[in-house]
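Novice:
Laid out in structure tokens, this is it:
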């Protein structure tokens with residue numbers, strides 16, 4: 009028998025959660041429309057993971073938004089290597105180390121890093137807007153900012169050696185989050201006080217699900233500025249800051 | 018084949034040597050990205066086979082003489098050695114690893130043989146023999162083992178497949194969670210447990226969710242058990258505060274140091290087990306621990322001691338075994354491609370974990386799953402779900418539409434579970450099946466009935482849709 013004709017009260021479960029409840033079926037299996045809808049969402053996530061960011065174009069967007077940029081690369085050569093070897097995505101390539109000297113020990117309050125992470129499309133869509141919103145708040149606080157460092161094949165911890173080289177008080181790493189079926193273009197913002205290699209996840213704070221339909225960009229920029237203010241005055245990030253703030257999660261992927 | 022504690026094999030002109038048991042096991046393990054990341058994997062296909070040849074000639078007895086991680090350094094090693102049952106081991110004590118594979122595949126070795134043998138096996142023995150097995154061997158031998166556990170129903174009875182209903186919600190919204198639970202029940206899921214991964218791990222939210230599930234269970238007299246998958250310390254606090262706690266959950270790993278990274282040790286698990294038992298809430302049995310494991314957890318905590326991830330996983334099963342669990346779930350593809358790169362590696366790992374757990378006497382289930390950055394998709398999950406069920410897996414996950422909106426990964430759905438029940442002639446747990454038929458969810462043949470407005474669980478759905486408050490029948 010087919011369970012295709014569901015009564016309305018059952019169907020209304022769909023209004024109570026974003027979970028895929030009360031789906032159309034045939035026999036005990038999914039009906040074709042549901043099957044294809046699932047595959048569409050999966051395909052968006054899949055394409056996001058393998059999206060190759062056009063870094064020169066991203067740099068040009070950033071310059072249009074009024075930011076200087078530096079383009080760096082992790083030691084992960086390509087996407088398959090990046091996915092297999094998270095350790096390589098946390099280290100700077102030799103060429104990148106050579107590109108850093110003009111900014112070495114420039115001692116900004118905040119080192120801004122934008123990395124493709126697991127969703128390049130998130131960075132392309134939202135990073136410039138987020139940084140513009142944040143810059144207004146940074147001006148109010150009179151924080152000095154580094155150029156926007158664009159990091160290719162980067163993991164969260166890549167912000168540690170970069171922040172250390174610049175002598176920054178804090179690194180803000182803006183990175184594409186692992187795409188889910190609901191959203192493939194979420195940014196994560198990771199804050200690390202006194203960045204240096206070897207910092208653990210427990211020493212960071214994270215603002216997650218940053219995208220227009222999730223944590224909106226303006227609000228995320230506000231939270232980011234609030235947390236950075238607290239971090240700079242308390243001289244720490246991580247679990248201790250979370251306990252004080254009680255509004256955010258700690259710990260990156 | 019070994020001299021001075023070293024292991025060797027010669028393939029054609031080439032002689033391979035392995036400096037320790039740890040290295041031998043790691044080199045013999047099927048290819049996977051986590052062992053490559055750790056730098057312990059074989060460097061060529063031939064080296065891998067050479068390691069398997071040397072491993073095949075190794076006496077099982079050697080694993081009792083030479084712990085992979087020193088006894089003094091690791092309480093999991095101490096647990097394994099101290100709880101080993103020499104009498105149970107006797108039927109295979111004279112065998113090499115290769116001979117043990119042949120023995121397991123004999124017709125005469127059946128469920129009773131394997132049940133009697135289980136306390137005589139160590140995780141290292143079962144991990145070793147699994148490395149010599151093809152997927153079909155892992156399926157066939159596991160299908161001969163039977164492990165039944167009980168709380169308010171019977172999990173693992175012949176020709177059954179139970180489902181953990183996983184109604185997660187990104188904000189722990191009780192109405193959203195209730196909607197997913199209801200949908201699962203209407204699809205015949207929830208017999209293994211209704212288990213919520215909370216978005217926030219705190220005792221208030223734990224108690225709220227526990228009460229929600231307990232009220233639903235009592236309102237409809239459902240022969241099921243509930244679980245909130247928070248840290249064991251949160252569960253202990255909830256028990257102290259009088260919450261109606263059925264199952265106690267914890268993620269566990271195969272080394273003391275990895276367990277420390279999870280914030281646990283054996284003493285804490287014992288305390289949790291005792292606390293759960295003290296409530297006496299089971300009706301047909303008192304198995305109440307729910308453990309989750311998964312290859313790669315020890316490496317990700319930098320606590321693997323050079324041991325390959327599949328062997329570490331089997332050692333996690335030894336931890337589970339000490340606490341008579343109701344459910345042990347290997348969450349096989351959740352950890353990501355740096356540990357299990359693609360569908361092939363995930364499928365193999367799922368079969369290994371199920372096999373090793375069953376041989377050690379555990380009620381194994383599997384979260385057949387993947388993340389979007391792994392080279393895997395729902396087609397791979399179909400294969401793993403099907404072969405695991407053929408292998409007699411006790412339970413799988415039921416996530417609405419296979420899409421976990423809180424944890425952002427894809428698992429198996431209510432529909433997937435019903436597909437494989439239909440295909441392989443499996444039914445829900447017997448007590449739960451009876452209840453489903455009484456509630457007009459299943460017909461006499463075990464087929465799903467279309468929910469009828471105004472009847473049974475759908476009345477509940479109507480109340481739920483009308484407003485979150487007061488939706489339970491009075």
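Chains as they are written, first to last, in the working numbering: chain A, 9 to 261; chain B, 18 to 491. Heads up, the beta-carbon is just placed ideally off N, CA and C, and yes, glycines get one too.
Is residue 2/A close to chain B? Criterion is C-beta to C-beta, closer than 8 Å.
Specialist: Only positions 9 to 261 of chain A appear in this structure, which leaves residue 2/A out of reach.
Novice: So, is the C-beta of residue 23/A closer than 8 Å to a C-beta in chain B?
Specialist: Judged by the 8 Å Cβ criterion, residue 23/A is in contact with chain B.
Novice: I believe residue 438/B touches residue 457/B by the beta-carbon criterion, under 8 Å. Please report the beta-carbon distance rounded to the nearest angstrom.
Specialist: Not confirmed; about 18 Å, so no contact.
Novice: Under the assumption that residue 302/B contacts residue 168/B (Cβ atoms under 8 Å), give the Cβ distance between them as a whole number of angstroms.
Specialist: That belief holds up - the Cβ atoms of residue 302/B and residue 168/B are roughly 6 Å apart, short of 8 Å.
Novice: Check residue 279/B in the structure and name its three-state DSSP category.
Specialist: In this structure, residue 279/B counts as coil in the three-state DSSP scheme.
Novice: Give a yes or no on whether the minimum CB-CB distance between residue 290/B and chain A is below 8 Å.
Specialist: For residue 290/B, the answer is no, since every Cβ of chain A falls outside 8 Å of its Cβ.
Novice: Which residue or residues does DSSP assign as beta-bridge partners of residue 308/B?
Specialist: Residue 308/B is bridged to 267/B, 345/B.
Novice: Residue 487/B CB to nearest chain A CB: under 8 Å?
Specialist: Any reading at residue 487/B must be qualified, since the residue scores a pLDDT of 49, below 50, and its modelled position is unreliable; the value itself is stated next. Judged by the 8 Å Cβ criterion, residue 487/B is not in contact with chain A.
Novice: Per DSSP, what are the beta-bridge partners of residue 235/A in this structure?
Specialist: Beta-bridge pairing links residue 235/A to no other residue.
Novice: Chain B partners of residue 30/A, CB-CB under 8 Å?
Specialist: Simply 200.
Novice: Which term fits residue 241/B, buried or exposed, when burial requires 16 or more other beta carbons within 10 angstroms of its beta carbon?
Specialist: Answer is buried; the Cβ neighbour count reaches 16.
Novice: Find the residues of chain A that neighbour residue 193/B, judging by a C-beta separation of less than 8 Å, and give them in chain order.
Specialist: Per Cβ cutoff of 8 Å: 24, 25, 26, 27.
Novice: Any beta-carbon of chain B closer than 8 Å to the one on residue 63/A?
Specialist: No, residue 63/A does not count as interfacial toward chain B.
Novice: Between which residues of its own chain and residue 341/B is the CB-CB distance below 6 Å, once the five residues before and five after are set aside?
Specialist: Hits under 6 Å: 304.
Novice: Closer than 7 Å by C-beta to residue 278/B: which residues in its own chain qualify, once you throw out the five before and the five after it? Chain order, please.
Specialist: Excluding residues within five positions, the ones whose Cβ falls inside 7 Å are 318, 320.
Novice: I'd like the list of long-range same chain contacts for residue 483/B, defined as Cβ closer than 7 Å, with 5 residues on each side in sequence excluded.
Specialist: So no residue of the chain qualifies.
Novice: Would residue 247/A count as contacting chain B if we go by Cβ distances under 8 Å?
Specialist: It does not: the Cβ of residue 247/A has no partner Cβ on chain B nearer than 8 Å.
Novice: When you compare the CB of residue 388/B with every CB in chain A, is at least one pair closer than 8 Å?
Specialist: True, the Cβ-Cβ gap to chain A drops below 8 Å.
Novice: So which of 97/A, 235/A, 130/A has the shortest CA-CA distance to residue 53/A?
Specialist: Comparing Cα-Cα distances from residue 53/A to each of 97/A, 235/A, 130/A, the minimum goes to 130/A.
Novice: Under 8 Å, with one C-beta from each stretch per pair, do the stretch 419-433 of chain B and the stretch 148-165 of chain B reach the 3-pair mark?
Specialist: Counting Cβ pairs under 8 Å, fewer than three are found: no touch.
Novice: Spatial neighbours of residue 9/A within its chain, please: C-beta separation below 7 Å, excluding the five flanking residues on both sides.
Specialist: Low per-residue confidence applies at residue 9/A: pLDDT is 38, beneath 50, and the placement is therefore not dependable, though the value from the model is reported in the following sentence. Cβ within range, chain order: n/a, list empty.
Novice: List the DSSP bridge partners of residue 245/B.
Specialist: In DSSP, residue 245/B forms a bridge with 213/B.
Novice: For a test of the three-state rule: what should DSSP assign to residue 237/B, helix, strand or coil?
Specialist: Coil, per DSSP.
Novice: Would you please verify whether the beta carbon of residue 215/B is less than 8 Å from any beta carbon of chain A?
Specialist: No, its Cβ sits nowhere closer than 8 Å to a Cβ of chain A.
Novice: Which chain B residues are close to residue 57/A, counting only those with a beta carbon under 7 Å from its beta carbon?
Specialist: Result: 389, 390.
Novice: Would you decide whether residue 32/B is buried or exposed? Buried here means 16 or more other CB atoms lie within 10 Å of its CB.
Specialist: Exposed, by the Cβ-count rule.
Novice: Measuring only the C-alpha atoms, how far is residue 241/A from residue 401/B?
Specialist: C-alpha separation (whole angstroms): 52 Å.
Novice: Closest by CA to residue 382/B, which one among 136/B, 368/B, 443/B?
Specialist: Residue 368/B is the option with its Cα nearest to residue 382/B.
Novice: By how many angstroms is the C-alpha of residue 356/B removed from the C-alpha of residue 54/B?
Specialist: Using only the alpha carbons, I get a separation of about 8 Å.
Novice: Just tell me which of 296/B, 142/B, 34/B has its CA closest to the CA of residue 257/B.
Specialist: Checking every option, the nearest Cα to that of residue 257/B belongs to 296/B.
Novice: Just checking my contact of residue 365/B with residue 47/B at CB under 8 Å: how many whole Å lie between their CB atoms?
Specialist: With a Cβ gap of about 6 Å, residue 365/B and residue 47/B count as contacting.
Novice: What residue range does the alpha helix (DSSP H) around residue 403/B cover?
Specialist: Element bounds for residue 403/B: 395-407.
Novice: Apply the 10 Å Cβ neighbour rule to residue 478/B and answer buried if 16 or more other Cβ atoms are within range, or exposed otherwise.
Specialist: So residue 478/B counts as buried.
Novice: Quick one: is residue 312/B buried, meaning 16 or more other Cβ sit within 10 Å of its Cβ, or exposed?
Specialist: Residue 312/B comes out buried.
Novice: Distance cutoff 8 Å, beta carbons only. Does residue 12/B sit that close to anything in chain A?
Specialist: For chain B, the structure presents residues 18 to 491; residue 12/B sits outside this window and is missing.
Novice: Could you check which residue in 219/A, 68/A, 189/A has the C-alpha nearest to that of residue 183/A?
Specialist: Nearest option by C-alpha distance: 219/A.
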